[in-house]
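Have a look at the structure below, then the notes.
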Amino acid sequence: MSVRWFQKALKQVIQMRMIELLASRSFGLDHEPMQLQLPQSKEKSVAKRLVSAMTLDEKISLLSGRDEFCIPGIERLGLKPVWSSDATMGLRGWKAPVTDFPAAVALAATFDDNLITRVGRVMGCECRALGIGILLGPGVNIARVPVCGRNFEYFGEDPYLAGEMAGRYISGVREYPVITTVKHFACNNSEFDRHKSDSVVDERTLRELYLPAFKRALEAGSLGIMTSYNQVNGTYTSEHPYLIGSILRGEWGFDGLVVSDWNSLYSTDGALKDGVDLEMPQARYFTKERVLDALARKVVTEQDIDTKVLHLLTSYEKAGLFVVPMADPACQVGTRENRDAALDAAIGAPVLLQNKAQALPLSPSLNLCIGGSNAYTVAQGGGSSMVQWETKPQTFASLMQEKGAFLLPKRWFSQKRCKQRVSSCDAVVLVVGFGHTEESEAYDRPWTLNRADLKAIEAAARLNKRTIVVVQSGSAVEMESWHDQVAAILYTSFLGSSTAQALKSLLFGEVSPSGKLPFTQARRLSDYRSMRAYPRDFDTVTVDRIKKGQGDPKVREVEKLCYTEALMVGYRQFDTEGPEPLYCFGFGLSYTTFSYTDLQVNELSQGMWQLSVKLTNTGNFPASEVAQLYIQPLQPAVFRPAQELKGYRKVFLQPQEAREVFFTVEATAFERWDLNAWKFVSDEGLYELRIGSSSRDIRLKCVVDYKKRKS
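Offset between the sequence shown (1-based) and the working numbering: plus 300.
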């Protein structure tokens, strides 16, 4: 008990310190554009003209930030400072009534491309309102282990879904002159001792699971990318010649900005030669003295410095930052329209996992009891993602009290009067899970709920058959011990300031739940192959892991995190080799039912097919369904997962309404990484195209014979 208490207290101290360091800033708005002072030149690139006009000292000054989130300018040339901002759940750190959104994993659960584009559009608009030129997101790291402290900041366990979500988000932001910075490149799939961990991963797994979402984000228009704290195969990502030089700059042809995560440089020479363009939040390894010393020792040349500065300024130029006002007075934060988008996202994200005897939706006339640790707060993830609201939003408990519900005190299960109330009421709603203390950067989170919530669930289920549990967490959490005892389970992740209103709308049937799990919910933590070689004390926090020896191998050794499961991550593992999950990837119930019929397959050209399916709402409740496309190789040339997600469509249907849903399957859908050819290849052969409501609920399928297109 004392150890658990100490761990909680230490995490609270860490969060308090983070809140102090990341406090909201007062700011003034500059509504004037840059007035660049450049000599006449035939060079069309403004970025190149700027670099050629700079002194060496001026170039060095642009290799690092200042004031925590600012990239300095050069007054002599009319180059103004450019501000960046954290972005996961909303623009964090500004004394302004910004719009905050559900966490990224909740956005992924919507499987709604149009909604995610709308979210990105709001983020871009609010950046322009506050004079922010660089958005530090989105995050696309794969949920390799369910206990990663930052899983809530990412889009789940599947690279296709993560890439599509990021791409849609970025396309929305990029309707405005704002640079997105996709993060954290790469294999940052853990917060366990993040400065002293080495992600050891084989090439095929790296290419098929951990890099695709980054590539998709860049293709969607992201002009920036952020490195991570960890090493990958023995080298820190901020100075990784293979990841940054060979893949990012070489294969992908990226000429934009590579920025460090905050305080994630570990040397001057490596980072200057093979690493990031910009050190944040300030110069530590890229100080003038250290850079000049590296130049003197011929570690790098001035041309290498020019290239780094050119990457930064090229991003500015492509975004349009040289020609627009630094802040746009036509844009505003926190408007009703913006908040409506946040509410729609909060309503579209929750996943109905269980609904025995139609326990949901609830009738407004029911006599309800409301409890659980998260009912009395608006839970969100911690660290750099935590939005500090100017006005605290209403909690679910407060809203329900206004509707006449009885609020259960913290340890109600120890009080006779409260137990009698629970036993006699029509239904009990318990909102349980984690918050910014348990789920945060810098450390991993527990697998099991806290003891008070577990006791509350056990007691309520024993006393009242209509017990509904709302689970708020950034990824899978232990449910095996209690899920059979309760009537309904609604998984929501963190929904932001719209939490109370969204829960009310869903629980009382104003709208039907339509979210789908973007990760696999296993029965036991040990069921995940990725956890079998993971540190046993993953949820233990120590001062050493937070601060001691960052980047200094003489102080503490780097610990290897071996990706021994290879491709067997998430549903790829559970659908290929088991065991049976509690709830599978893509799963989510509704207040209605849907039928899938009339699968049609049309080969558009050699190696390309169009699939269509008739989707019908066969119930009496208007709702949305997510039709999912999986592809299974029937004659794999090498070992492959049983199936992989390659498409999805979210469709809203009135009762008895039917609609035709289309999927296009191209050669890239069949790809795997070939270690001999050292590239992605699509093997010829038979593939089963599978359309269903989840990875385990396949409704229709057909077989196609893929042959390489003749040139």
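Ideal Cβ placement from N, Cα and C applies to all residues, glycine included.
| Item | Value |
| --- | --- |
| Excluding the five sequence neighbours on either side, which residues of its own chain have a C-beta within less than 7 Å of the C-beta of Leu415, listed in chain order? | Asp644, Ala645 and Gly648 |
| Are Leu825 and Trp747 touching if we call contact CB-CB under 8 Å? | yes |
| For Cys669, which of helix, strand or coil comes out of DSSP? | strand |
| In three-state DSSP terms, what is Met831? | helix |
| How about Thr449 and Arg745: are their beta carbons less than 8 Å apart? | Per the sequence presented here, residue 449 reads as Gly, with Thr not at that position. For Gly449 and Arg745, yes; Cβs fall inside 8 Å. |
| CB-CB under 8 Å to Lys496, same chain, minus the five flanking residues each way: which ones, in chain order? | Arg845, Gly849, Gln850, Arg856, Glu857, Val858 and Glu859 |
| Would you say the stretch 577–597 touches the stretch 326–334, given that touching needs at least three Cβ pairs under 8 Å? | no |
| Does Ser1011 come out as helix, strand or coil in the three-state DSSP assignment? | Reliability fails at Ser1011, whose pLDDT of 48 lies under 50, so the model's placement of it is uncertain and the value that follows must be treated cautiously. Three-state DSSP puts Ser1011 in coil, outside helix and strand. |
| Return the CA-CA distance between Thr388 and Cys427, expressed in angstroms with no decimal places. | 13 Å |
| Is DSSP giving Trp689 helix, strand or coil here? | coil |
| Let me know the secondary structure DSSP gives Phe706 once reduced to three states. | strand |
| For Ile978, count the other beta carbons within 10 Å of its own beta carbon; 16 or more makes it buried, fewer makes it exposed. Which is it? | Position check: residue 978 holds Trp in this sequence, whereas Ile was assumed. It is exposed - the Cβ of Trp978 has fewer than 16 other Cβ atoms within 10 Å. |
| Using a threshold of 8 Å, state whether the C-beta atoms of Leu989 and Ala958 are closer than that. | no |
| Report the CB separation of Ser528 from Asn563 in whole angstroms; it is logged as a contact under 8 Å. | So it is not a contact: roughly 12 Å between Cβ atoms. |
| I think Leu322 touches Arg392, with their Cβ atoms under 8 Å apart; what is that distance to the nearest whole Å? | 7 Å |
| Can you name the start and end residues of the alpha helix (DSSP H) that Ile757 belongs to? | Arg751 to Leu763 |
| What does DSSP give as the partner residue(s) for Gly985 in the beta ladder? | Tyr1006 |
| In whole angstroms, what separates the C-alpha of Arg421 from that of Gly467? | 12 Å |
| Could you tell me the boundaries of the alpha helix (DSSP H) in which Tyr871 lies? | Tyr871 to Thr876 |
| From Lys1007 to Ser982, what distance separates their C-alpha atoms? | 9 Å |
| The alpha helix (DSSP H) with Arg845 in it runs from where to where? | Val843 to Ile846 |
| Going by CA-CA distance only, name the one from Gly365, Leu565, Pro339 and Ser364 that's closest to Met354. | Pro339 |
| Would Gly424 and Val440 qualify as a contact pair, given that the criterion is a beta-carbon distance under 8 Å? | no |
| Rounded to whole angstroms, what is the Cα-Cα separation between Leu749 and Asp386? | 28 Å |
| How about the stretch 939–948 and the stretch 895–905: do they share at least three Cβ pairs that are nearer than 8 Å? | no |
| DSSP three-state call for Ile442: helix, strand or coil? | coil |
| The alpha helix (DSSP H) spanning Glu589 covers which residue range? | Lys588 to Ala596 |
| What does the alpha-carbon distance come out to for the pair Leu653 and Gly888? | 6 Å |
| To which residues does DSSP link Met526 through a beta bridge? | Val559 |
| Who are the near neighbours of Met301 in its chain, counting only those whose CB is closer than 7 Å to its CB and skipping five residues on each side? | For Met301, the predicted structure reports a pLDDT of 47, less than 50, and the residue's modelled location is therefore unreliable. A value from the coordinates is still provided. Excluding sequence neighbours, Met301 sits near nothing in its chain. |
| Note down, one range per segment and in chain order, each beta strand (DSSP E) of at least 3 residues found wholly within the stretch 448–505. | 479–485 and 497–500 |
| Could you tell me which of Ser364, Val728 and Val771 sits nearest to Val558, measuring between CA atoms? | Ser364 |
| Quick one: measure Cβ to Cβ for Ile442 and Gly521, integer angstroms, because I've assumed they're closer than 8 Å. | The pair is not a contact, with the Cβ atoms about 22 Å apart (cut-off 8 Å). |
| Using only the alpha-carbon positions, how far apart do Lys692 and Ser797 sit? | 8 Å |
| Let me know if Gln956 comes out buried or exposed under the rule of 16 or more other beta-carbons within 10 Å of its beta-carbon. | exposed |
| Within 10 angstroms of its Cβ, does Asp837 collect 16 or more other Cβ (buried), or is it exposed? | exposed |
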